[in-house]
Amino acid sequence: MRYVVAVGVLMALNGTDAFSADIVRPVVKAPPLPWTWNGFYIGGHFGGGSGITHVGDPYGPSIYGDDIRTPKALIGGQLGYNWQQAGSPWVFGLEADVSAVDVDGTNTCLAYSGLFVSANCRIRQDVMGTITGRVGQAFGPAGHSLAYVKGGAAFLSSRFSMTTNALDFFGRPEASVDANAVQWGWTIGLGVEHALAPAWSMKLEYDYANFGNRDIATPLGGLQTAPLDPASLVETAGLPTGVRQDSHVVKLGVNYRPGVDASRGWDNRPAALLTAAPSMSGWSAEVGARYWYSSGRYQNDLGMSTDQPLQNALISRLTYETTGHSGEVFGRLDSPARVFLKGFAGGGGLTSGHMNDEDWLPTYRNTAMAYSNTDQGRVEGTIAYATLDVGYTLLETPGAKFGAFAGYNFYRDRKDSYGCVQIAYPGGGVICAVPSPTTGITISQSEDWHSLRIGVNGIVTIAPGLKLTADAAYLPYVSVSGLDTHYLRSDEPSPYSPANGTGRGMQLEAVLTYDVTERFSVGVGGRFWSMWATDVFTRGFGSPFPTSTLPIRAERFGTFLQTSYKFDAVN
Numbered sequence: 008m009r010y011v012v013a014v015g016v017l018m019a020l021n022g023t024d025a026f027s028a029d030i031v032r033p034v035v036k037a038p039p040l041p042w043t044w045n046g047f048y049i050g051g052h053f054g055g056g057s058g059i060t061h062v063g064d065p066y067g068p069s070i071y072g073d074d075i076r077t078p079k080a081l082i083g084g085q086l087g088y089n090w091q092q093a094g095s096p097w098v099f100g101l102e103a104d105v106s107a108v109d110v111d112g113t114n115t116c117l118a119y120s121g122l123f124v125s126a127n128c129r130i131r132q133d134v135m136g137t138i139t140g141r142v143g144q145a146f147g148p149a150g151h152s153l154a155y156v157k158g159g160a161a162f163l164s165s166r167f168s169m170t171t172n173a174l175d176f177f178g179r180p181e182a183s184v185d186a187n188a189v190q191w192g193w194t195i196g197l198g199v200e201h202a203l204a205p206a207w208s209m210k211l212e213y214d215y216a217n218f219g220n221r222d223i224a225t226p227l228g229g230l231q232t233a234p235l236d237p238a239s240l241v242e243t244a245g246l247p248t249g250v251r252q253d254s255h256v257v258k259l260g261v262n263y264r265p266g267v268d269a270s271r272g273w274d275n276r277p278a279a280l281l282t283a284a285p286s287m288s289g290w291s292a293e294v295g296a297r298y299w300y301s302s303g304r305y306q307n308d309l310g311m312s313t314d315q316p317l318q319n320a321l322i323s324r325l326t327y328e329t330t331g332h333s334g335e336v337f338g339r340l341d342s343p344a345r346v347f348l349k350g351f352a353g354g355g356g357l358t359s360g361h362m363n364d365e366d367w368l369p370t371y372r373n374t375a376m377a378y379s380n381t382d383q384g385r386v387e388g389t390i391a392y393a394t395l396d397v398g399y400t401l402l403e404t405p406g407a408k409f410g411a412f413a414g415y416n417f418y419r420d421r422k423d424s425y426g427c428v429q430i431a432y433p434g435g436g437v438i439c440a441v442p443s444p445t446t447g448i449t450i451s452q453s454e455d456w457h458s459l460r461i462g463v464n465g466i467v468t469i470a471p472g473l474k475l476t477a478d479a480a481y482l483p484y485v486s487v488s489g490l491d492t493h494y495l496r497s498d499e500p501s502p503y504s505p506a507n508g509t510g511r512g513m514q515l516e517a518v519l520t521y522d523v524t525e526r527f528s529v530g531v532g533g534r535f536w537s538m539w540a541t542d543v544f545t546r547g548f549g550s551p552f553p554t555s556t557l558p559i560r561a562e563r564f565g566t567f568l569q570t571s572y573k574f575d576a577v578n
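Quick look at the structure:
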C-alpha cells in the first residue's frame, strides 16, 4: 500500500512537470555589461574657422588695418586615451591632434600716416596641432554621449610676409620681409561626442588657440616730406615690431576604438564603414524654409604686374563690409541604400555697409599721395546662392548618422558703393578731401563664385525632440569671375575691369532643431563661408589682355532661423 501511494505521488509530481512544460515562461535577459569611454581611440576630422593675425605698428597708431583675417580650412587626425571609472559619469583623457591648414589672408599694415608708404601684410598657415587634457561628463541613455572641455599646448607653422607697396619699391629685396616660423602657444576648447556604436563615435568641437607674439623687423619704407610733392619721397629704415596670431576653429570628426568589433552596433546590427546594410529609417525626406541674417567681407588686391609670385606688392585695394538679409528653401532626401541628397537655394539684399578704397601712388604725376584711403559710407546690393550635395551615410544608429558628401556651391554677390571721404591723406587738393554725398554711386563690384565641395555631415539626437546637425566642407577648387566698375574714372578708356581666376575655400554650418510635432520642427543655426582666390588676373579699364594680378577674398557669415516638415518612412 505504501508503495502504491509513493508511486502515485511520483506520478503526480511528474504530471505537474509535464503540464508546466506547456506554459510559456518569460525569458529574463541578463543586464548588458555597462559601456564606458575607457580606452585608446584614433580618428580624423574636417573643419574650419577664422582668426586674427595682428601686426604691431612701430611708427604710431594706425589709421587703418594691422589686423589680418585668417579664415581657414583644415583636415587632420587625432589620437587619445580615456579613463572612466565604472559607475561614474566623469571621463578623463589625453589627446593629440594635427591638421593640415589652408589659410591665405592679407591686409594693410604700418598705415600710421597718409604721407607714409604703408605695406601689404600676408599670412599663410600650413600646419597646426594641439596636445591637451580632457575632462567630460557622460550623459544620455547608457552614457553614450559625452560633453567635455579641454586645454593644453598648441603649435602653428606659418609664413608671414610684409611688402612695401607702390611702384617705387617694386621688386626691391629690401622692401620685403619674410618670416617663416613654428610658434607654440596654448589652447582651450569644448565639445560633444556621441558613441554611434561600441567602436565608433562622432564629435563636434570648438577650439581657441593663442600663439603669442614673435619679433620681426619692418622693411624699407618711404615718407613724403611735403604733401603732394613726388620729389619729396625719402626712404626710411625698418624698425622692430611684433606679430601675434590666434585661431578659432570648429571640427567635425569621427573616432574609432581599436580592439572593439567595428562591424556591430548597439543592437547587433551592422555598423561598419561602407557596409551594404540598408538604412534603419528607409526613405525619408525633409523640406523647409530659412531666414538668414548675414555679414560679409569682400577684398581685392590690385598688383603691379601679371607675375603671380610678386602679387604681394600693391597699387590699390578695395575692401567691402556689408550686412545682408535673405530667404531660402532647403531639403534633404535619405534612401534605404544610405545615399542622401541635400541642398538649399536662396537670395536677398545687401542693405547696409561701407567700402574702403586704398591707393599707394607717392610719385604719381597728378596726385602724388603716399597712401590714400577713401571711405564710401553706403553700400547696397544683392546676393544669390545655391548648394547641392550627394553623400553616403557611413555610420548609422538610432538617433544618429555620420556621412560624407561631395557637391557644388554657387554664390553671387553684387555691390554698389556711394559717397566718398578721405580718411588718410592730410590737407586739401586730394581725392575726396571734400566729402561727396552718399547719393552718388562711385564704384560697383560683382562676382560669381562656383565651388566644388567635399565634406562630412553629422546628425545626432541629444535629447527627446532635440537634434543637432553639422556640416564641414572644404572647397578644393573655386572659380571666380568678377567685374569692377569705376564710374568716376573718366581718364581711362573704359570704367570696366573684368577679372577671372581660381582658388580654394571652406564652408561650415550647424543647426539645432526642435520637433514641435512628429513632422514639424523649428531651428536656429549658424553658417560661415570663405573663399580665397589667389590665382586671379584682371584686364584693367577695358584692356583686351591681363594687366595685373588681382587676388580676391570673400566671406559671408551669420545666423539663420528655420522651419521644416518631415516625410518619414516613405515605402
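Read in my numbering, the sequence shown has 481 at position 474, and its numbers run on one by one without any break. Note that beta-carbon positions come from the ideal geometry of N, C-alpha and C, so glycine has one too. Keep in mind the model is a prediction, meaning the values are calculated, not measured.
Rounded to the nearest angstrom, what separates residue i and residue j at their Cα positions?
i	j	result
Asn363	Gln315	24 Å
Thr520	Ile466	11 Å
Gln429	Pro369	16 Å
Asp133	Asn373	43 Å
Gly338	Ala517	15 Å
Leu459	Tyr484	6 Å
Tyr48	Gly331	43 Å
Val580	Gly158	Within the shown structure, residues of the chain are numbered from 8 to 578, placing residue 580 beyond reach of any answer.
Pro65	Val543	33 Å
Glu454	Thr389	11 Å
Ser443	Gln383	9 Å
Met538	Phe53	17 Å
Ile130	Val250	10 Å
Ala182	Cys128	12 Å
Pro558	Gly83	27 Å
Pro553	Thr313	7 Å
Gly136	Phe99	20 Å
Pro500	Tyr494	12 Å
Phe176	Trp367	11 Å
Leu568	Gly530	6 Å
Arg264	Leu203	12 Å
Thr449	Pro405	57 Å
Gly398	Ser528	23 Å
His201	Val386	44 Å
Since residue i contacts residue j with CB under 8 Å, what's their CB separation in whole angstroms?
i	j	result
Pro226	Gly198	Not a contact, Cβ separation roughly 42 Å.
Gly58	Thr77	4 Å
Leu101	Gly121	Not a contact, Cβ separation roughly 53 Å.
Ser153	Leu211	Sequence check: residue 153 is Leu here, not Ser. With 8 Å as the limit, Leu153 and Leu211 do not qualify as a contact, their Cβ atoms being about 11 Å apart.
Ser125	Tyr378	5 Å
Gly219	Gly192	5 Å
In this structure, does DSSP put residue i in helix, strand or coil?
i	result
Pro39	Residue placement at Pro39 is flagged as unreliable, the pLDDT there being 48, under the threshold of 50; the coordinate-derived value follows with that caveat. Coil.
Gly549	helix
Leu473	strand
Pro96	coil
Leu317	helix
Ala103	strand
Pro558	coil
Ala352	strand
Gly245	coil
Gly150	helix
Glu525	coil
Ile448	strand
Arg666	The chain is shown from 8 up to 578; residue 666 falls before or after that span and cannot be answered.
Arg271	strand
Tyr263	strand
Asn307	strand
Asp111	strand
Ser302	strand
Which partner residues does residue i have in the DSSP bridge list?
i	result
Ile461	Ala413, Tyr481
Thr171	Ala126
Gly360	Thr329
Ala292	Leu340, Phe574
Gly489	Glu454, Ala506
Ala145	Leu153
Gln91	Per DSSP, none; premise fails for Gln91.
Val250	Val62, Arg221
Glu335	Arg297, Gly353
Ala118	Bridge partners of Ala118: none, in fact.
Is any heavy atom of the ligand NAP found at a distance shorter than 7 Å from the C-beta of residue i?
i	result
His493	Only the bare structure without any ligand can be found here, which leaves the ligand NAP out of the picture.
So, does the CB of residue i fall closer than 8 Å to a CB anywhere in chain D?
i	result
Phe564	Of the protein chains in this structure there is only one, and it is not chain D.
**OP:** Could you tell me which uninterrupted beta strand (DSSP E) segments, each at least 3 residues in length, are contained entirely in the region 160-243, listed from first to last along the chain?
**Re:** Qualifying beta strand (DSSP E) stretches, in chain order: 183-204, 207-224, 228-231, 240-243.
**OP:** Output the residue ranges of the beta strand (DSSP E) runs that lie fully inside the region 55-83 and measure 3 residues or longer, sorted by chain position.
**Re:** For the region 55-83, the continuous beta strand (DSSP E) assignments of 3+ residues that do not extend past its boundaries occur at 59-62, 74-76, in sequence order.
**OP:** At 3 residues or longer, and completely inside the region 354-406: list those beta strand (DSSP E) runs for me, N to C.
**Re:** Fully enclosed beta strand (DSSP E) runs of 3 or longer: 376-383, 385-404.
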